[in-house]
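K.L.:
Shown below is the structure under consideration.
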């Protein structure tokens with residue numbers, strides 16, 4: 456079995472290594488050498504993200520604005536009834552995942568929206584990747600576009616963040632690969648003609664051309680796990696939340712691009 460896994464790893468390297476000479480460093484790296492996946496996209500895709508009239512993700516933002524003002528649940532309340540106009544959410548998305556005291560664990564922005572539905576609107580939670588949940592998350596995060604990611608410094612988050620880093624560096628699946636092996640050791644190089652990004656979560660939820668729709672960071676993480684032939688963690692699992700928490704820390708100080716577009 457070990458020899459078979461080593462052969463698969465060798466095969467993966469034969470896909471990555473031949474194209475290394477063609478990779479070009481990004482001119483958009485910050486002082487720490489970090490860059491958004493935006494920097495490695497084709498100019499046409501960059502233009503799509505820059506122009507709100509072309510950015511397909513803005514359709515979800517518009518839906519989110521309507522949902523923000525819609526009364527739901529047994530309490531017959533809207534988000535606006537508690538929080539006010541949507542522009543009051545500027546800066547909120549930069550701090551997620553955050554620690555939730557009642558549940559004694561970190562929660563993502565989409566989980567916070569569902570917790571508000573349960574606790575304050577007396578409404579059922581929305582399923583992961585539900586268009587309404589994506590729209591609400593997109594419109595809240597859009598208010599912070601251009602602001603720096605500012606991870607929650609609550610000390611109770613530290614063990615969860617450490618767990619996320621452990622998972623980031625842990626090998627998974629039949630290909631026996633970790634997130635770090637691709638997105639740190641091979642970042643900026645080519646895999647199948649596509650630049651391997653540094654995996655900074657600066658644009659989620661985002662519109663992915665491959666998906667022809669919006670998706671969360673957890674959806675992307677699950678895609679990566681499937682790519683290394685591993686069983687993906689369930690949406691909302693402690694593992695995926697811990698990974699989000701660590702990735703947010705890793706991207707601290709980088710500007711949010713929500714809603715971003717990716718290939």
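Numbering (the working numbering), first residue to last: 456 to 718.
By construction, the Cβ of each residue, glycine as well, lies at the ideal position given by its N, Cα and C atoms.
This structure is a prediction, so every number in the text was calculated from the model and none was measured.
(1) Among the residues of its own chain, which have a CB less than 6 Å from the CB of residue 534, if the five just before and after it don't count?
(2) Do you know how far the Cα of residue 593 is from the Cα of residue 714?
(3) Throw me the rounded Cβ distance for the residue 708 and residue 604 pair, which I believe falls under 8 Å.
(4) Should residue 666 be labelled buried (16 or more other beta-carbon atoms within 10 Å of its own) or exposed?
(5) Residue 555 by DSSP, collapsed to three states: which one?
(6) What are the residues that DSSP puts in a beta bridge with residue 662?
(7) Cβ of residue 656 within 9 Å of Cβ of residue 703?
(8) Can you tell me the Cα-Cα spacing of residue 503 and residue 711, whole angstroms?
(9) In three-state DSSP terms, what is residue 705?
(10) Sorted by chain position, which residues of the same chain lie with C-beta nearer than 7 Å to residue 455's C-beta, five sequence neighbours on each side aside?
(11) Taking the alpha helix (DSSP H) that residue 561 belongs to, which residues open and close that run?
(12) Which partner residues does residue 532 have in the DSSP bridge list?
(13) Which residue from 590, 548 and 680 puts its Cα closest to that of residue 602?
(14) Go to residue 587, then tell me how far its alpha helix (DSSP H) extends in each direction, as first and last residue.
(15) Helix or strand or just coil, what does DSSP make of residue 493?
(16) Given 8 Å as the limit, is there contact between the stretch 608-620 and the stretch 686-703, that is, 3 or more CB pairs closer than that?
(17) What do you get for residue 612, buried or exposed, if any count of 16 or more other CB atoms within 10 angstroms of its CB means buried?
(18) Would you call residue 598 buried or exposed, if buried means 16 or more other Cβ atoms sit within 10 Å of its Cβ?
(19) Between which two residues does the alpha helix (DSSP H) containing residue 498 stretch?
(20) When DSSP labels each residue in this structure, what does residue 603 get in the three-state scheme?
(21) Rounding to the nearest angstrom, what Cα-Cα distance links residue 532 and residue 574 in this structure?
P.N.:
Result, derived from the coordinates:
(1) Numbered from its first residue, the chain shown carries residue 534 at position 79. These residues qualify, in order along the chain: 523.
(2) Counted from its first residue, the chain shown places residue 714 at position 259. Counted from its first residue, the chain shown places residue 593 at position 138. For the pair residue 714 and residue 593, the Cα-to-Cα distance works out to about 6 Å.
(3) Within the chain shown, residue 708 is the residue found at index 253, counting from 1. Within the chain shown, residue 604 is the residue found at index 149, counting from 1. Yes, residue 708 and residue 604 are in contact; Cβ-Cβ is about 7 Å, under 8 Å.
(4) In the chain shown, the residue the question calls residue 666 occupies position 211. The residue is exposed, with fewer than 16 neighbouring Cβ atoms inside 10 Å.
(5) Here residue 555 is taken as the residue at index 100 of the chain shown, counted from 1. DSSP, reduced to helix, strand and coil, places residue 555 within a strand of the structure shown.
(6) Here residue 662 corresponds to residue number 207 of the chain shown, with the count starting at 1. Answer is 669 and 716.
(7) Locating residue 656 in the chain shown gives position 201, where the first residue counts as 1. Locating residue 703 in the chain shown gives position 248, where the first residue counts as 1. Less than 9 Å separates the beta-carbon of residue 656 from that of residue 703.
(8) The residue you call residue 503 lines up with position 48 of the chain shown. The residue you call residue 711 lines up with position 256 of the chain shown. In a straight line, the C-alpha of residue 503 is about 16 Å away from that of residue 711.
(9) For this step, residue 705 is matched to residue 250 along the chain shown. Annotated three-state conformation of residue 705 is helix, per DSSP.
(10) Nothing about residue 455 can be reported from this structure: the residues present for the chain run from 456 to 718 only.
(11) Counting from 1 along the chain shown, the entry for residue 561 is found at position 106. Looking at the DSSP string, residue 561 is not in any alpha helix (DSSP H); the run it does join, the beta strand (DSSP E), is 560-562.
(12) In the chain shown, counting from the first residue as 1, residue 532 sits at position 77. In DSSP, residue 532 forms a bridge with 527.
(13) For this step, residue 602 is matched to residue 147 along the chain shown. Comparing alpha carbon positions, the residue from 590, 548 and 680 closest to residue 602 is 548.
(14) The residue labelled residue 587 in the question sits at position 132 within the chain shown. Note, residue 587: alpha helix (DSSP H), 586-597.
(15) The residue you call residue 493 lines up with position 38 of the chain shown. Residue 493: helix per DSSP, three-state reduction.
(16) yes
(17) Within the chain shown, residue 612 is the residue found at index 157, counting from 1. Residue 612 should be labelled buried.
(18) Here residue 598 corresponds to residue number 143 of the chain shown, with the count starting at 1. Its Cβ being crowded by 16 or more others within 10 Å, residue 598 is buried.
(19) As a position in the chain shown, residue 498 is number 43, starting the count at 1. It spans 498-505 - the alpha helix (DSSP H) in which residue 498 sits, taken as one unbroken run.
(20) In the chain shown, residue 603 corresponds to position 148, counting from 1. DSSP places residue 603 in strand when its eight states are reduced to three.
(21) Numbered from its first residue, the chain shown carries residue 532 at position 77. Numbered from its first residue, the chain shown carries residue 574 at position 119. For residue 532 and residue 574, the distance between alpha carbons rounds to 11 Å.
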